[in-house]
Structures are given as structure tokens and as C-alpha cells.
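Chains as they are written, first to last, in the working numbering: chain A, 3 to 263; chain B, 3 to 263.
Cβ coordinates follow ideal geometry from the N, Cα and C atoms, glycine included.
Number of protein chains: 2
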Amino acid sequence: MRIVVTERAETSADSDPSLANEAETRRAADSSERAYNTIRKLLVEFKLKPGERINEVQLSRSLGVSRTPIREALNRLASEGFVSLTPNRGFFVRSLSTEGLLDLYEFRSIIECAAFKLMCERADDSEIDRLRSYWEAIVDAYPNQPPDIILAEDEGFHLLIAELSGNPELVGQLTSINARIRFIRRIQIEHPSHDRTQITSHSAIVDAAVRRDVENGMKLLREHIEMTVSATQQALKDALLKVFAPDNGADLKRRRRTRDA
Amino acid sequence: MRIVVTERAETSADSDPSLANEAETRRAADSSERAYNTIRKLLVEFKLKPGERINEVQLSRSLGVSRTPIREALNRLASEGFVSLTPNRGFFVRSLSTEGLLDLYEFRSIIECAAFKLMCERADDSEIDRLRSYWEAIVDAYPNQPPDIILAEDEGFHLLIAELSGNPELVGQLTSINARIRFIRRIQIEHPSHDRTQITSHSAIVDAAVRRDVENGMKLLREHIEMTVSATQQALKDALLKVFAPDNGADLKRRRRTRDA
DNA sequence: GAACGCAATAGTGTCGACACTTTCTTGACG
DNA sequence: CGTCAAGAAAGTGTCGACACTATTGCGTTC
Numbered sequence: 003m004r005i006v007v008t009e010r011a012e013t014s015a016d017s018d019p020s021l022a023n024e025a026e027t028r029r030a031a032d033s034s035e036r037a038y039n040t041i042r043k044l045l046v047e048f049k050l051k052p053g054e055r056i057n058e059v060q061l062s063r064s065l066g067v068s069r070t071p072i073r074e075a076l077n078r079l080a081s082e083g084f085v086s087l088t089p090n091r092g093f094f095v096r097s098l099s100t101e102g103l104l105d106l107y108e109f110r111s112i113i114e115c116a117a118f119k120l121m122c123e124r125a126d127d128s129e130i131d132r133l134r135s136y137w138e139a140i141v142d143a144y145p146n147q148p149p150d151i152i153l154a155e156d157e158g159f160h161l162l163i164a165e166l167s168g169n170p171e172l173v174g175q176l177t178s179i180n181a182r183i184r185f186i187r188r189i190q191i192e193h194p195s196h197d198r199t200q201i202t203s204h205s206a207i208v209d210a211a212v213r214r215d216v217e218n219g220m221k222l223l224r225e226h227i228e229m230t231v232s233a234t235q236q237a238l239k240d241a242l243l244k245v246f247a248p249d250n251g252a253d254l255k256r257r258r259r260t261r262d263a
Numbered sequence: 003m004r005i006v007v008t009e010r011a012e013t014s015a016d017s018d019p020s021l022a023n024e025a026e027t028r029r030a031a032d033s034s035e036r037a038y039n040t041i042r043k044l045l046v047e048f049k050l051k052p053g054e055r056i057n058e059v060q061l062s063r064s065l066g067v068s069r070t071p072i073r074e075a076l077n078r079l080a081s082e083g084f085v086s087l088t089p090n091r092g093f094f095v096r097s098l099s100t101e102g103l104l105d106l107y108e109f110r111s112i113i114e115c116a117a118f119k120l121m122c123e124r125a126d127d128s129e130i131d132r133l134r135s136y137w138e139a140i141v142d143a144y145p146n147q148p149p150d151i152i153l154a155e156d157e158g159f160h161l162l163i164a165e166l167s168g169n170p171e172l173v174g175q176l177t178s179i180n181a182r183i184r185f186i187r188r189i190q191i192e193h194p195s196h197d198r199t200q201i202t203s204h205s206a207i208v209d210a211a212v213r214r215d216v217e218n219g220m221k222l223l224r225e226h227i228e229m230t231v232s233a234t235q236q237a238l239k240d241a242l243l244k245v246f247a248p249d250n251g252a253d254l255k256r257r258r259r260t261r262d263a
């Protein structure tokens, strides 16, 4: 596995008894939180490969913390679907196969369409205008932004719709979905197949929202999302090929679905 | 707080009843899992009251395990929205206000309608027939069953629709929603306002599925769910009144929404 | 008597250790 | 040669302890 963490250039925090420097020796009070973020990044960037067993001891050494915060982070990641837990055997990286990706995008489409509908029904004009102005403020520069910005602004757009739906559950769900597919989306944006004219659909969605045209808006959203799916699938395949470089993709078949009841 | 865990005499679909008893003989290897189930039950039954701070030491003593599995369970419950975590102050019971309940039911409605639609589009006739036979096998005895059975069979019905949608994400989401509202639903079923003629809508939904009538089926589902919401709201109010017996309900106002980004 | 420290208490966050389980290694046996 | 078993090694699950932080209670000062 051989993971080198560069999150903070603070390697070898352990085994330094000579340094009694107070500020440096202070034990961090948020190891779990940082472990969570770091591990999630490792997962989402395929540093930890799909299907692989996660070695807690190795991970804890890499992050320079004990196993306790590692396990707390892994438990959270387990309920969020990033990893699965088999009793007495430990945590495994849940493979996000192309199949699973389709399911996830379909779920996303469901959430977003519902959010749009609710927004149209509930948001007052000033709120709809927030959506319009949010998009207008970034639309011009949008196609020329670096991938990370594009991604963040796109997520912000869709998340704002969810917020304007007035249902916090939808916001939470969309946030969680975003986290799970962020890396894939980033790859897709950087992929040569990426078509930046999709911004026009955002504008069209805003128009539909202003007109409170539920049917049309949902149709646009559905198409907007579906449009990215096939391109994203190709991007995912490329990414997986890179990850499992020489091997065949046999490991991918071992799809686990151990979401507990 | 003073919690005494009497795991017995409940639904107890789980296996092992006594948690503290086993500590004397041998160390349990699944304390986290059982702590998770137990704490979730405490939450869902309002033994741990909304807004209350969760004392890990007390809890661990009650369950007869150390704080480690308690914290692992709480971390999972945090990602699932049952509790929230404030750094250095600990875990708090997230209050499920009537408002939050509405949001949750709305979310459920969205998931179920989408699942029904997908099922109609994808499931073959034999699968639809599984739904039909599932319901036919239980429909006669249904109104006279004890509440727990009614609840389980109802959940099973809706869950089967989600499964037949072919999207595991929807199954997982519905499972999670069910867990969060189970106790409320149980109260509602036992509440005098409960109307058992709602089984007719299940039959109607099956009919719509057999005819692949998406529009009508979704309409039925939406109504079916909405019908229970108002009744459930009343049941929830009664339950909360009982929980916060002498106090005013001021604690309920402190609604936390600390779902991490 | 009220506001302000300031110590004492209670509670969380993390650690290292150890018991138990799974997995790997090795060597005997067919 | 392959199979199996026993022991060794690796790894997980849980514990008790301790460092650090928040809270409470108490005495002091104005």
C-alpha cells in the first residue's frame, strides 16, 4: 500500500522525546476529524483501492495518530458508504464500480429533480433571484476556470437549489452524494471529453426556475445529469485502468454490499 | 438521566439479550455493534431525550462496556443524523421536531415514488408478481396483527418496491429512513387515530404496479404517505409531551443542524 | 449583593496495551 | 505434489489510563 501522507508536513511526530517543546508536543484534539478528512481523500483519490482491506495499524502510523481516531473515522465512513465493515476482519474499501456509479447518479437525479420541484413551489421571488444572481455572477468566467473551481461552483449551484427547496434532508443527501462522486467528477472535468457548453443548461435551468416551470426544469436537470453520466463512465474506466495498472480488473468483480440493516 | 437497559421484552429481532452479563464470562467481540443497536433504540424511544447531552461514561457503565465501543457507535449514529457532535463537548441527541419529521417524510415520499417509477420501468412480470404475492400473503391477517408486525410488514412492502427498483442506493436510503422514524410510526400505529383501512391503499398500489400505471401508483403512494403524516404529527406531539412531562418544551427549540460538510 | 476570578470537578479525546481472531508459514503425511 | 494441521505472525476489538477542556461551585472583592 505504502501511503505517504503529506497533509501536514509534520511527519515523525512520534518518537521525539528529546523535544520537550510545549507547543509542539501538545496533543491534537481533533485527530478523528483530520483522520476522517484524510482517509476520505485517500479513498476518493483511489490511493486506497477499491476492494482493498484497510490496515488500521499502517494507516495510524501514516497519519501519526493512534488507532482510536482512525477507527472512529472509519466508522463514520462506513455509515456513509465509503467503506464496509466485516466483523473481525476489518474495514474494506467499497468499490465504486461503474454500476454503482450509475445507481448513485440516478439517486442524485432523483434528489435534484425533487428539490427543483419543491423550490418552484415554495421559494419566494427573492430566493429564486438568489439562484439567478448566484449563477449570473459566475457564468462568464465559468468556462475558463480551473477544474476545482468549476466543480465547486457547479456543486454550489445544485446545492443552492436543494437549500431553496426548504428541506434540509435533501441538502444533506446532496452533500453526501457530492462527496462520494467528487473525485470522479473532477476527473471527468479534466477529461478531454468534457464539454463546457453544459453551462448553457445551467442558464436554462435558472430560466425555468424564474418562470416556475417545474416540468421543463426537471426535464432539463434530468438531461443535464444524464449527459454527464456516460462521459463520466468513460472517465471512471480510464481512472480505474490507471489504478489497477498491470493487473486485470478481477478485483472489481468482488463487489461488496455489506450495508448493515 | 439514569438509564437502565432492559433490552428484553421488545421486538428483539437481535440475537443476544444481555450485554453486561457476558462481560463476566468472556469479552464480547461485537460490543460496538450491540452498543449501536442499544443506543439507537434508546434514542428512538426517547429514553435519551432530544437536545440532551450524551454522557459517555454513564452510558458505558449502563451497557457494561468501555467508552471505546460507545464512541464508535456514536460516531456512526452521528453520520446517520441521530446525534450531533460538538468538539470537546461531546455528543448531543438531535431533536426530531415535528418540522424535521415533515422533512423526513417528504424525503421518504420522494424516494418511494422514484422507486415505484423505476420498478414499473424495469422489473419483469415475475418480479412484480413477487410484490403482489408478498402483499396477498399478509393482507388478510394484516389489520389484526400486533403493532410490531404491522410495522415490519409495512416496511417490508415498501422496501420490496425499493429493491425491485434495481437501485441499491434507494434501498439503503429507505432502510435508513425507516430506522429513524420507526418508533414514531409505532406510536402512531398504536395511537387511537390510527386507521387500518389504509391497507386498501397498499392493495391499490399493487394493482397499479401490475398495470404498470406509474402516474397513478405514484399518486397513491404520495397520498398514502401524506395521509399518515398528519396523524403521525399528532402522535409525535403526544409522545413529546409525555417525555418532557413537567417542563416546558423549550429544549425542543434548540434544533441543531451540524451535519458536516 | 453581584461580578469576577479561581480552584475543584466532571467529561471528552487520545493513547498504549492486551486478548482474541484471522491469516500466513512451515512441515509432516497421504 | 498436494493437502492438511499446528504454530507463528499479523490484525482487529476492547480496555483502562491519562492529558486536556468545559463546567461547576466557592470565596473574594468592589
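Asked                                                                                                                     : Found
Per-residue contacts from A/Ser-81 into chain B (C-beta, under 7 Å)                                                       : Arg-78, Ser-81, Glu-82
Alpha-carbon to alpha-carbon, B/Ile-201 and B/Asn-146                                                                     : 12 Å
CB contact below 8 Å: B/Ala-263 versus chain A                                                                            : Legend: pLDDT at B/Ala-263 = 27, less than 50; position of this residue unreliable, value from coordinates given subsequently. Output row for B/Ala-263: interface = yes.
Cβ contact (3+ pairs, closer than 8 Å) linking the region 61-68 of chain A and the region 98-110 of chain A               : no
Secondary structure of A/Arg-91, DSSP reduced to three states                                                             : coil
Candidates A/Ser-135, A/Phe-94, A/Thr-177, A/Thr-230, of which the one nearest A/His-193 by Cα                            : A/Thr-230
Cβ-based contacts, 7 Å cut-off: residues of the region 112-141 of chain B near chain A                                    : Ile-112, Ala-116
Proximal residues, the region 148-159 of chain B versus chain A, C-beta separation under 8 Å                              : none
Of the residues B/Pro-148, B/Phe-159, B/Ile-112, B/Ala-143, the one placed nearest B/Arg-132, counting alpha carbons only : B/Phe-159
Spatial distance of B/Gly-53 from B/Arg-96 (CA atoms)                                                                     : 6 Å
With 16 other Cβ atoms within 10 Å as the buried cut-off, status of A/Asn-90                                              : exposed
is_contact[A/Leu-243, chain B] using C-beta, thresh 8 Å                                                                   : no
Collapsed DSSP secondary structure at B/Ser-167 in the structure displayed                                                : coil
Chain A contact for B/Glu-24 (CB, 8 Å cutoff)                                                                             : With a pLDDT of only 36 at B/Glu-24, under 50, the local geometry of the prediction cannot be trusted, and the value read off the model is given with reservation. No, no contact with chain A.
Interface partners of B/Arg-73 on chain A, CB under 7 Å                                                                   : Glu-74
Any chain A beta carbon closer than 8 Å to B/Glu-217                                                                      : no
Nearest-angstrom Cα separation, counted from A/Arg-224 out to A/Ala-206                                                   : 13 Å
For A/Ser-68, the residue or residues it bridges with in DSSP                                                             : In the DSSP output, where bridge partners are listed per residue, A/Ser-68 has none listed.
Nearest-angstrom beta carbon gap, B/Ser-135 and B/Ala-75 [assumed within contact, 8 Å]                                    : Rounded, the Cβ-Cβ distance is 38 Å, inconsistent with contact.
C-beta neighbour in chain B for A/Asn-90, strict 8 Å                                                                      : yes
Closer than 8 Å to chain B by CB, A/Ala-31                                                                                : yes
CB contact check: A/Phe-109 to chain B, cutoff 8 Å                                                                        : yes
Classification of A/Pro-148 by the beta-carbon crowding that lies within 10 angstroms, buried from 16 upward              : exposed
With 16 other Cβ atoms within 10 Å as the buried cut-off, status of A/Glu-114                                             : buried
Candidates B/Glu-217, B/Val-59, B/Ile-191, of which the one nearest B/Ala-237 by Cα                                       : B/Ile-191
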